[in-house]
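Visitor: In short: position in the sequence shown from 1, add 559, done, that's my numbering.
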Amino acid sequence: MVTRFFSAIFGIGLAVAIPPAHGADEIEAKAQPCAACHGDKGVPTDPKTIPVIWGQEQSYLMKQLRDFRNGERASAIMSPIAKDLAEGDLRKIAAYFAAKTWPARRASAKPPLPPKGIAQCQACHQPNFQGGMPAPRLAGLSYEYLVAAIRAFATEQRTNNLDMPKFMQMLTERERNAIARYLSAL
Numbered sequence: 560m561v562t563r564f565f566s567a568i569f570g571i572g573l574a575v576a577i578p579p580a581h582g583a584d585e586i587e588a589k590a591q592p593c594a595a596c597h598g599d600k601g602v603p604t605d606p607k608t609i610p611v612i613w614g615q616e617q618s619y620l621m622k623q624l625r626d627f628r629n630g631e632r633a634s635a636i637m638s639p640i641a642k643d644l645a646e647g648d649l650r651k652i653a654a655y656f657a658a659k660t661w662p663a664r665r666a667s668a669k670p671p672l673p674p675k676g677i678a679q680c681q682a683c684h685q686p687n688f689q690g691g692m693p694a695p696r697l698a699g700l701s702y703e704y705l706v707a708a709i710r711a712f713a714t715e716q717r718t719n720n721l722d723m724p725k726f727m728q729m730l731t732e733r734e735r736n737a738i739a740r741y742l743s744a745l
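Laid out in structure tokens, this is it:
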């Protein structure tokens, strides 16, 4: 009887101490719908309008998901999806995609010369534009996506970052386009 009691207590202790193996599978299942647009191998179905999220900075992904959920960043597609996610799931999904490898692509034969105005971007996005706390990776995103994001900040259509509209408004449209072209070629 005593042996059964301790076996039962020990078994309960193990059940509590060891998280279920399906926890990772659960987040993978919740993240699976993202592949419809963001790609199942990290390459978006339409890179011109959809960003790469595989290997993106975790803190950035978390902020964007939270902003979509809270209405601080508008998207007809992302806002309804994020609205239904619990805070814990936002964290797990951000960590899931941040842990993935940025999709490989052929490097440019000759790296372009850095354009005017790019230096101010390095403070947050890091010298190689591969992102870092708290800014996203920009290197390798499509020219079209970058131009649209930069323009949205410059025109204050996107305001979920207090610094970006000011920075982008200080540049001419030609300078902003040159920055997008440079970043997409990295």
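Backbone N, C-alpha and C define an ideal beta-carbon position, used for all residues, glycine too.
1) Could you spell out where the alpha helix (DSSP H) holding residue 751 opens and where it closes?
2) Residue 647 by DSSP, collapsed to three states: which one?
3) Does the Cβ-Cβ distance between residue 699 and residue 649 come in under 9 Å?
4) Could you tell me whether the region 676 to 687 touches the region 649 to 658, where touching means 3 or more Cβ pairs closer than 8 Å?
5) Does the Cβ of residue 653 have 16 or more other Cβ atoms within 10 Å, making it buried, or fewer, making it exposed?
6) Please state if the CB of residue 713 and the CB of residue 674 are separated by a distance shorter than 9 Å.
7) With a threshold of 8 Å, are at least 3 pairs of Cβ atoms found where one atom belongs to the region 683 to 699 and the other to the region 611 to 625?
8) Taking the continuous alpha helix (DSSP H) assigned at residue 626, which residues delimit it?
9) Distance check for residue 592 and residue 580, CA to CA, integer angstroms please.
Guide: By the coordinates alone:
1) For residue 751 there is no data in the structure shown, the boundaries of the chain being 560 and 745.
2) helix
3) no
4) no
5) buried
6) no
7) yes
8) 617 to 629
9) Legend: pLDDT at residue 580 = 45, less than 50; position of this residue unreliable, value from coordinates given subsequently. Approximately 21 Å between the Cα atoms of the pair.
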